[in-house]
Amino acid sequence: MILLNVRFAALVAVLIGSLALPVFALDPTAAEHAAAIKALLAKSQTVLRHYAWLETTVVSLKGEEQSRKQMRCLYGADGVVRKEPVQQSDPKVKKLASFGRNTEITKKQKEELANVIADAEKLIHQYVPLNQNGIQAADKEGKLKYQLIETGKRGRLTIRNFLKSGDSIDLDMDLTNNRPLLLNIFSYLNFEAEPVSLAASFGALNGTTIYTAETVLEVRRKSLTITVQNSGYHKKNQ
């Protein structure tokens, strides 16, 4: 949901697929793919700085939607994403305070869930989009590996201990154009006993610039799911 804006917003500066990238051998090295992804991240972020978009975050508990919020997003001059709440006029939109209306949950549990949700949302934006410098650093530290899934078509970059000890990132990519296909992250909140999984899918802006379309984060021990969707991209001031 975010199980993937800047911060897993910034493994989401977003990627560009129309760049002239080096042609790799059928069995390219992890370093070569890491360099390609780093270039995509950097140039995509440059393009997206000229755009604004809508971020929708949905929190679900035991499969039931509990809250939904929307933010207008754009990059500031300092390269940091600015977010402005969108006023909700739909009476069906639930607030965080409504937790427990249709599920058995105590006041204390509501407070605990609120803290978990806040931590989970922060975690999403720590991983997505993927930090380009972090990828390069992972390669230098020997944390990055490459696996060929389908010759000439699909490969996978894997990073262990990316942001936290014991976490892992798997980025599947289309070898015909070096575009990202799927991103899967396994991490945890404040303790390893609080495991979470994130899954991100990508979209193409104008058929070329790749952005993180949806991120889904799951905290299975809490039956909690947070989904973050990015949509409605348009040039600033339009």
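For the sequence shown, the numbering used here gives the first residue as -12, with consecutive numbering after it.
Glycine residues also receive a C-beta, built at the ideal position from the N, C-alpha and C atoms.
Q96: member of the alpha helix (DSSP H) spanning K94 to Y114, first to last residue. P72 is classed as exposed because its beta carbon has fewer than 16 other beta carbons within 10 Å across all chains shown.
Counting C-beta pairs closer than 8 Å gives fewer than three between the stretch 49 to 58 and the stretch 134 to 154, which falls short of the contact rule.
Looking from the CA of F189, the closest CA among V206, M160 and I213 belongs to M160. Counting only runs of 4+ residues, the alpha helix (DSSP H) found wholly inside the stretch 117 to 185 occupies 119 to 127, in chain order. As far as DSSP is concerned, T195 takes part in no beta bridge. Comparing alpha-carbon positions, the option among Y198, A125, N171 and V203 lying closest to A22 turns out to be A125. Residue pairing from DSSP places L41 in a beta bridge opposite R59 and S218. Three or more Cβ pairs closer than 8 Å define a contact, and the stretch 100 to 119 meets that threshold against the stretch 203 to 211. The C-alpha of E52 lies about 11 Å from the C-alpha of T44. With respect to V183, T202 sits apart: the two C-beta atoms are not nearer than 8 Å. Looking at the backbone, the Cα of T196 and that of Q32 are separated by about 9 Å.
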